[in-house]
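**Q** In this note's numbering, the protein residues as written are 282 to 773. C-beta atoms are modelled at their ideal positions from N, C-alpha and C, and glycine is treated no differently. In this text, all values refer to a predicted model and were calculated from it rather than measured experimentally.
Here it is as structure tokens:
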């Protein structure tokens, strides 16, 4: 077995088990049921907003700690956080306990950055694509199978919502055990990266190993040892300056990656849409269950699990992982997004706004299911495009930081939206009114990009007209390189 395959399989097993939580599509039903006896308003206004605020505070901290502690401890921490989350959910009572659930769950959500980046420290660059496919597929498969299992158990009356939570606790506990067996990491992107001298040295050694110079030695004993090679390539220098300046160098690396990414207007434009759209997506996914509960609180025919299973299959989960199906479909589109990106963003954003507005105005549960699926699928298509366009302007090492910063921006926007619309200190709107607001939010986003698209089309056409006019003024009459009607030519 290849060396990289072991860590990849272990991490994939961890990802599958930690996402195998059949109770998650029914959390709101559990909280408003006889087990906790909260109202929908309490869940929306007092409990769920804590996740948004906590995630915002913890995201950047966890990102720094992940790099500093070399990934594995944070992967283990994610598993432990999920175990604590479900223990509190099952045995905790009162609003304070449920707020603690949301805080710990936010910690586990923020820790997913370690899962996403750990594997790249264990495999060669040539294997990045395949290990990405394995680890993402593990997440989606676990979530999909959990939704199917939860739906079957609820629909057949085999288990109630409390029993589903015990099943979820069992699987996240197993995932935590697996996390302890992951190999440790010796390098990271910022705090423990190889020094430039060390990287160049390794490159020189690799070249020597494959060069013909090594073959000139007739005797095996004549081949220089690794230590002698190192001494011959670099002078002996011992200094503690790097240890003293590590913090400054890390800050400098962050700043360099930040300015390199956002000084490009094209990357900035797609990043802003990414942040605003992800804000709306998080808000919709967080509060769709209270909407379903408000529309059909008395019915026993709840299909949340089936809907969530379909979402996982399409790749539309809470933390915005890419779907393999969607990515493949979008990846085969031969479109110049620098030209058509803004019109596509405008149209899809307006479509998403329409779906959410319909969901906020209907009293039919199945329509909200359908509009939710349509919204998530359209979001996934466009976020895949946006992610690829942003990534084009980034260095490989800065992917995690820049997308983490975009997520941080999205959470700032979401915190403001939550405070104004959902939280008890704000408007504290009912679920249907909230979804009307979310529909308007995406409508405004679509209108802004429609205006940007119209402006750029007008500007480009003006430039073309101006270029033709200049050419007509300077190219002789009847020149074969220009074809302008005679009535429009300007003769010198």
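#1: Can you list the alpha helix (DSSP H) stretches of 4 or more residues lying completely in the region 322 to 400, in chain order?
#2: Leaving out five residues on either side along the sequence, give the residues of the same chain with a beta carbon under 6 Å from the beta carbon of residue 652.
#3: Leaving aside the five residues before and after residue 545 along the sequence, list all residues of the same chain whose C-beta is less than 6 Å from its C-beta, in chain order.
#4: Leaving out five residues on either side along the sequence, give the residues of the same chain with a beta carbon under 7 Å from the beta carbon of residue 310.
#5: Could you give the DSSP three-state label for residue 543: helix, strand or coil?
#6: Report yes if the CB atom of residue 558 is closer than 8 Å to the CB atom of residue 692, and no otherwise.
#7: Which one of 568, 623, 644 has the shortest CA to CA distance from residue 731?
#8: Rounded to whole angstroms, what's the CA-CA distance from residue 709 to residue 726? Just pull it up for me.
#9: Secondary structure at residue 288, three-state DSSP: helix, strand or coil?
#10: Are the region 320 to 334 and the region 371 to 388 in contact at 8 Å, needing three or more beta carbon pairs?
#11: Just reading off the alpha helix (DSSP H) that residue 659 is part of, what are its end residues?
#12: Are three or more beta carbon pairs between the region 450 to 465 and the region 296 to 307 nearer than 8 Å?
#13: Using the rule of at least 16 other Cβ atoms within 10 Å of the residue's Cβ for burial, across every protein chain shown, is residue 741 buried or exposed?
#14: Determine the direct distance from the alpha carbon of residue 351 to that of residue 465, and round the result to whole angstroms.
#15: Drop a sphere of 10 angstroms on the beta-carbon of residue 315, count the other beta-carbons inside from all chains shown, and report buried for 16 or more, exposed for fewer.
#16: For residue 701, does the three-state DSSP call read helix, strand or coil?
#17: Alpha carbons only, please: which of 387, 448, 631, 440 is nearest the one belonging to residue 272?
#18: Have a look at residue 312 and residue 703 and give me their C-alpha separation to the nearest angstrom.
#19: Looking only at C-alpha atoms, which of 405, 353, 285 sits nearest to residue 392?
#20: Grab me the residues of residue 287's own chain with a C-beta within less than 7 Å of its C-beta, minus the 5 sequence neighbours each way, in chain order.
**A** The short version:
#1: 330 to 349, 353 to 372, 376 to 391, 393 to 399
#2: 636, 639, 640
#3: 674
#4: 442, 574, 583
#5: helix
#6: no
#7: 623
#8: 23 Å
#9: helix
#10: yes
#11: 646 to 673
#12: yes
#13: exposed
#14: 8 Å
#15: exposed
#16: helix
#17: What the structure shows of the chain is the stretch from 282 to 773, and residue 272 is not part of that stretch, so it cannot be assessed.
#18: 17 Å
#19: 353
#20: none
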